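S.K.: The sequence shown begins at 1 in UniProt numbering and counts up one residue at a time.
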Amino acid sequence: MEDRKRPVPHEPSDDSLPPFKRPALNSASSSQAPQNSHQVPQSQEDVIHFQKEAIWRQMMEYKRERNMLESRVEELDKRSTYHDDHLRVIDAWWAQLLDEVRVLAGEPDGGYQNGASPEFSSSLLFNDIATFTDHLKEKRDHITSSLQTLFSAIRSNPSNNKKVDAVEDLQPRLCALLASEKARKVEIARLQKEKEDANSRLTEATIKYMTAEKKVDRLKSQTLAKIERQAMFQSNAGAENNKDGGNSDEQSAKDQEINAKVAEGNVADAEQARKEAQAIASKQKEELQQLQADNTRLSEQVTTFTIKFGRLSEEDISKCDAYKNLKVKLEDLATRFNHIEALNRDLSERTEHFEAERTKYKEMIITEQRTIVNDMQLQLSRTEQDLARVRAARDELIQDQTQRKTREDQKLGSIREVNELAETRASRIASLEMEVERLKLGLDKESLSASQSFTEWGLEELRQKYEQLDKAYKVLTQELPALEQAFKKAHDQASRKVAGIQESEDKMRRLQAEKGKADQKYFSAMKNKETLSAENRALKNLNARSTDIITQLKDAEKKVRDLVVNLEKQIAEMKTIQQTLITRNREHQSRVAEQNNTIDSLKSQVAELSTYLKARDAAVSRESSGRREAEIEVEKLQVKLEDAQRCLENNRPKGSENSQLEALRQIALCTVCRNRFKNTAIRPCGHVFCRQCADERISSRSRKCPNCGRAFAVTDLISVHL
Numbered sequence: 001m002e003d004r005k006r007p008v009p010h011e012p013s014d015d016s017l018p019p020f021k022r023p024a025l026n027s028a029s030s031s032q033a034p035q036n037s038h039q040v041p042q043s044q045e046d047v048i049h050f051q052k053e054a055i056w057r058q059m060m061e062y063k064r065e066r067n068m069l070e071s072r073v074e075e076l077d078k079r080s081t082y083h084d085d086h087l088r089v090i091d092a093w094w095a096q097l098l099d100e101v102r103v104l105a106g107e108p109d110g111g112y113q114n115g116a117s118p119e120f121s122s123s124l125l126f127n128d129i130a131t132f133t134d135h136l137k138e139k140r141d142h143i144t145s146s147l148q149t150l151f152s153a154i155r156s157n158p159s160n161n162k163k164v165d166a167v168e169d170l171q172p173r174l175c176a177l178l179a180s181e182k183a184r185k186v187e188i189a190r191l192q193k194e195k196e197d198a199n200s201r202l203t204e205a206t207i208k209y210m211t212a213e214k215k216v217d218r219l220k221s222q223t224l225a226k227i228e229r230q231a232m233f234q235s236n237a238g239a240e241n242n243k244d245g246g247n248s249d250e251q252s253a254k255d256q257e258i259n260a261k262v263a264e265g266n267v268a269d270a271e272q273a274r275k276e277a278q279a280i281a282s283k284q285k286e287e288l289q290q291l292q293a294d295n296t297r298l299s300e301q302v303t304t305f306t307i308k309f310g311r312l313s314e315e316d317i318s319k320c321d322a323y324k325n326l327k328v329k330l331e332d333l334a335t336r337f338n339h340i341e342a343l344n345r346d347l348s349e350r351t352e353h354f355e356a357e358r359t360k361y362k363e364m365i366i367t368e369q370r371t372i373v374n375d376m377q378l379q380l381s382r383t384e385q386d387l388a389r390v391r392a393a394r395d396e397l398i399q400d401q402t403q404r405k406t407r408e409d410q411k412l413g414s415i416r417e418v419n420e421l422a423e424t425r426a427s428r429i430a431s432l433e434m435e436v437e438r439l440k441l442g443l444d445k446e447s448l449s450a451s452q453s454f455t456e457w458g459l460e461e462l463r464q465k466y467e468q469l470d471k472a473y474k475v476l477t478q479e480l481p482a483l484e485q486a487f488k489k490a491h492d493q494a495s496r497k498v499a500g501i502q503e504s505e506d507k508m509r510r511l512q513a514e515k516g517k518a519d520q521k522y523f524s525a526m527k528n529k530e531t532l533s534a535e536n537r538a539l540k541n542l543n544a545r546s547t548d549i550i551t552q553l554k555d556a557e558k559k560v561r562d563l564v565v566n567l568e569k570q571i572a573e574m575k576t577i578q579q580t581l582i583t584r585n586r587e588h589q590s591r592v593a594e595q596n597n598t599i600d601s602l603k604s605q606v607a608e609l610s611t612y613l614k615a616r617d618a619a620v621s622r623e624s625s626g627r628r629e630a631e632i633e634v635e636k637l638q639v640k641l642e643d644a645q646r647c648l649e650n651n652r653p654k655g656s657e658n659s660q661l662e663a664l665r666q667i668a669l670c671t672v673c674r675n676r677f678k679n680t681a682i683r684p685c686g687h688v689f690c691r692q693c694a695d696e697r698i699s700s701r702s703r704k705c706p707n708c709g710r711a712f713a714v715t716d717l718i719s720v721h722l
C-alpha cells in the first residue's frame, strides 16, 4: 500500500531528491524482500491494522503540511500588511514631495496636493500583476506630468537663475550619493542571492524533515516493525546458511534439495545430506579454528608492536633519519651552548669588575655628599643665627619707633592744648581790658553822681552821661562775645580735662588690671622659663648623648658599608653559583619532563592495553556464551531431528497410501518446475505456483500466467499456505 500512495509535493527545481518512480524489480535482491514478506502469514486483522496505520501516517503527514502552510499563510499575511502600509507611505511621500517642489517653484496651491490623491485600492495587492502595473503607470504618468509643469514654472522664474551655484554644489554630493546607492544595490543583490540560497536550503531541509518524519512514523508502526523483524530473522537464517560467499548458489540449491527430499519422505537422502552438512560444518570449524589462531597470532603481534612503538629503544630510534637530523641539530645547539656559556662567564667577570667599580664610586659619592651636607648644615645654622639676630634688631627698632611715635603724639597734644590755653588767655585778657575800661567809666559816673543829683544835671551833663553810657554799652557789647567765647573755650577745656582725667583713670584701672594679668603671665612665664631651662638642660644632655650615639652609628654605618661591599661581592659570587644551579635545574627539569613523558606514554599504553584486554575479555566472554548457546541449540536440534526421524519411521505409509500420498504430492507441486510446492497465487486468474517461478517470470519480463496467459503485476502475487 505504501507504493500506491501519492508522493509528497515538492519543488520541480529540487534536484537533491531522486524522482518518485516505482523501483525496478529485476534483481534477486529486490525480489528477496517481497518473498520474505509474502512468506509471512498475515491475517485479515493484521492487514486492516496495517491499512489503518498507513492511513494514520498519511493523515499525520497532511497535518504537518497543514501546520507548515498555516505558518506560511500567517507570515504572508504579515508581509502583505507591511507592504500595504509601505505602499501607502510611498504614496503619501510622493504627494508630500510634489507639494514641497510646488512650494519651492512658487506655484499657487491647487491641482494634486498632499492628501488629495485617492487611496489606491487594497485589492491591488491580491489582483494580478497587470492591475498593479496599471496603478504604478498611472502614478508615474501623474508624477512626470506634475514635475514637467513644475520644472517649466521653475525655468520661467528669473529668480531661479541665482540657484545655479547651489545646484552645482549639490552635484558632487549627488554623485557621491549615487555611488553609495550603487554600492548598496550591490550589497542588496548579494543579500538577495544569499537569501535565495538560504530559501533553497530551507526547502531542502523541509523536504528532508518531512521525509524523516515519514520514516519515523514508519519506524513507530508496530505492524511494519513486526514484518521487518520477521524478514530480518529469515534473512539472518539465510545468511547463516550462506556463510561461504562463493558457494551461496550451490548451498541454496542443496538446501532446496534437502527440503524437497524431506518433503518427499526420502529419509536416507536427508541423512546423507545431513552427513554432508556435518562434514562441511567440521571443515568450516577447522577453518574457523585456523582463522582464530591466525587472529590470536596477529593480535599478539599488534600488541607487541604497539608496546614497541610506545617504548622504542635507542637502537630503533638511531636508525631513523629524523633522529639523525635531530642529533645534528643537538650537536649544533651544544656548540652554541658552549659558546654562550663562555660568553656568559666573560660577561659575569666583567659584571663583577663593574660592580666593584660601582661600589667604589658609590662610596666616593657618598663621602662627598656627606661633606657637602655637613657644610650646608653649618652654613644653615649660621644663617639661622644671623636671621635670629636680624629679627631681634628689627623688633627693637620697631619698638623704639612705636615709642617715639607715642612721644611725638603726646607732644603734639600738649602743644595743641597750650595753643588753646594761649588763645583762651588772649580772649580773657581782651575781656578784662574791656572790663577795666567799663569799670573806669563806672568810676567816672559814680564821681559825677556823687557830686550832683540827677535833677540838678543840665543838658550838657546829660549829654555827657549819655555818651558815657553809650560807650559803656558798646564796651559791654564788645566784652560779652569775647567773654562768651572765653567761657566756651574754658568750658570745653575743662570738660576735655575732665574726660581726659576720667579716661586716664579708666586707663589706669585697665592698666592696673593688665598689670596684674601681666604679673601673673610673667610669673607663669618665669615658671615656664624655669621648666624650659630644665628641659633645655635635659635636651642638651640628650643632645650630647645623641652625638655620642651618632658617632657610634657612623662607626656602625662604616662597618655596615664594608659589610655591604663584602655582601655584594658574595652576591656576585652567589649569582654565578645560582646561574650554574639554574642550568643544572633546567637540565634536571628537562630530564624530569622526559621521565614524565615516558611515564605518561607508559600510562597511556597501560590504559590502552587494559581497555584492549577488557574488550578482548568481553569478546571472549561473548564468544564463549554464544558458543555455549549454539551447542545447546545443536543439542536441541539433534533431539528434534531424532524425534522427527522416529515419527517418520512410525508414520511411513504402506502400499496404496503411498500412491495416494504421491498423487496428493503431485497436486501440491508447482506445475512449472515440478520441484517445489505451490505457495504463491496470481490474483487475476487464481492459478497457484511456487514463488521462485513467479519471481523468474517477473525478472524475465514475461509477466503472464503459464496456464491461461493472463498478465499480472508484482502486487498481484499473494502468498498461500496449503
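In this text, a Cβ means the ideal position worked out from N, Cα and C, and glycines have one as well.
Since we're looking at a predicted model, the values are computed, not measured.
(1) Per DSSP, K704 is paired with what?
(2) Under 8 Å, with one C-beta from each stretch per pair, do the region 565-572 and the region 354-373 reach the 3-pair mark?
(3) Quick one: give me the first and last residue of the beta strand (DSSP E) that T680 is part of.
(4) For T671 versus L717, is the C-beta distance shorter than 7 Å?
(5) May I ask you to report which of helix, strand or coil DSSP gives residue 724?
(6) Quick check on DSSP: helix, strand or coil for V186?
(7) Taking contact to mean 3 or more Cβ pairs, one atom from each stretch, closer than 8 Å, check whether the region 480-495 and the region 422-430 are in contact.
(8) Does the Cβ of K215 have 16 or more other Cβ atoms within 10 Å, making it buried, or fewer, making it exposed?
(9) Give every residue of the same chain whose Cβ lies closer than 7 Å to the Cβ of G686, excluding the five residues on either side of it in the sequence, and list them in chain order.
(10) Within this structure, are the beta carbons of E479 and M508 separated by less than 7 Å?
(11) Just to confirm my understanding: we take K254, look at its own chain, exclude 5 residues before and 5 after, and list those with CB closer than 6 Å. What are they?
(12) Thinking C-beta only, is D217 closer than 7 Å to M68?
(13) With a Cβ-Cβ cutoff of 7 Å, do A518 and A482 count as a contact?
(14) State the Cα-Cα distance for the pair K540 and M574, rounded to the nearest angstrom.
(15) Applying the 10 Å Cβ sphere with the 16-neighbour rule, what's the burial state of A534?
(16) Since M210 and R64 are thought to touch, with beta carbons under 8 Å apart, how far apart are those beta carbons, to the nearest angstrom?
(17) Taking DSSP's pairing of strands, which residues face I718 in a bridge?
(18) On the CB-based measure, 16 or more other CB atoms within 10 Å of its CB, does R691 come out buried or exposed?
(19) Excluding the 5 residues preceding and the 5 following T576 in the sequence, name in chain order all residues of the same chain whose CB lies nearer than 6 Å to its CB.
(20) Look at the Cβ atom of E341, then the Cβ atom of A572, and state whether they are nearer than 7 Å.
(21) Is the region 605-614 touching the region 292-308 in the sense that three or more CB pairs, one from each, lie closer than 8 Å?
(22) Can you check DSSP and say which residues form a bridge with F689?
(23) When DSSP builds the beta bridges, which residues end up paired with L669?
(24) What's the C-alpha gap between D197 and I698?
(25) Should K603 go down as buried or exposed, given a rule of 16 or more other Cβ atoms within 10 Å for buried?
(26) So what does DSSP say about G626, is it helix, strand or coil?
(27) When we look at the beta-carbon of K678 and count the other beta-carbons within 10 Å, is it buried (16 or more) or exposed?
(28) Under a three-way DSSP split, which group does E119 fall into?
(29) Let me know if D695 comes out buried or exposed under the rule of 16 or more other beta-carbons within 10 Å of its beta-carbon.
(30) Could you name each continuous beta strand (DSSP E) segment of 3 residues or more that falls completely within the region 347-392, going from the start of the chain to the end?
(31) Please classify S700: is it buried, with 16 or more other beta-carbons within 10 angstroms of its beta-carbon, or exposed?
(32) Measure the C-alpha to C-alpha separation of R184 and V89 and round it to an integer number of angstroms.
M.R.: Inspection of the coordinates gives the following:
(1) As DSSP reads the structure, K704 sits in a beta bridge with A711.
(2) Yes: at least three Cβ pairs fall under 8 Å.
(3) 680-682 is the span of the beta strand (DSSP E), which, as asked, contains T680.
(4) No, Cβ-Cβ distance for T671 and L717 is not below 7 Å.
(5) Any answer about residue 724 is impossible in this case: the structure gives the chain only from 1 up to 722.
(6) It is helical.
(7) With a cut-off of 8 Å, the region 422-430 and the region 480-495 count as touching, because enough Cβ pairs lie within range.
(8) Around the Cβ of K215, a 10 Å sphere holds fewer than 16 other Cβ atoms; the residue is exposed.
(9) Same-chain partners within the cutoff: there are none.
(10) In this structure, M508 does not lie closer than 7 Å to E479 by Cβ.
(11) Interpretation of K254 is limited by its pLDDT of 48, a score under 50 that renders its predicted location unreliable; no figure is taken from the coordinates.
(12) The answer is no: Cβ separation not under 7 Å.
(13) Not closer than 7 Å, so no.
(14) The alpha-carbon atoms of K540 and M574 are separated by roughly 48 Å.
(15) By the 10 Å Cβ count, A534 comes out exposed.
(16) Contact flag correct, Cβ pair sits at about 6 Å.
(17) Residue pairing of I718 in beta bridges, as defined by DSSP: A681.
(18) By the 10 Å Cβ count, R691 comes out buried.
(19) Cβ neighbours of T576 beyond the five flanking positions: S348.
(20) In this structure, E341 keeps its C-beta atom at 7 Å or more from the C-beta atom of A572.
(21) The region 292-308 is in contact with the region 605-614.
(22) In DSSP, F689 forms a bridge with T680.
(23) Answer by DSSP bridge pairing, in chain order: F677.
(24) Each residue's Cα considered, the two are about 44 Å apart.
(25) Exposed, because fewer than 16 other Cβ atoms sit within 10 Å of the Cβ of K603.
(26) Of the three classes helix, strand and coil, the one that applies to G626 here is helix, per DSSP.
(27) It is buried - the Cβ of K678 has at least 16 other Cβ atoms within 10 Å.
(28) Confidence at E119 is low in this model, with a pLDDT of 43, below 50, so the placement of that residue should be treated as unreliable; the coordinate-derived value is given next. Residue state, collapsed to three classes: coil.
(29) Buried, since its Cβ has 16 or more Cβ neighbours within 10 Å.
(30) Counting whole runs of 3 or more residues, the region 347-392 contains no beta strand (DSSP E) stretch at all.
(31) Label assigned to S700: exposed.
(32) Between R184 and V89, the C-alpha separation is close to 22 Å.
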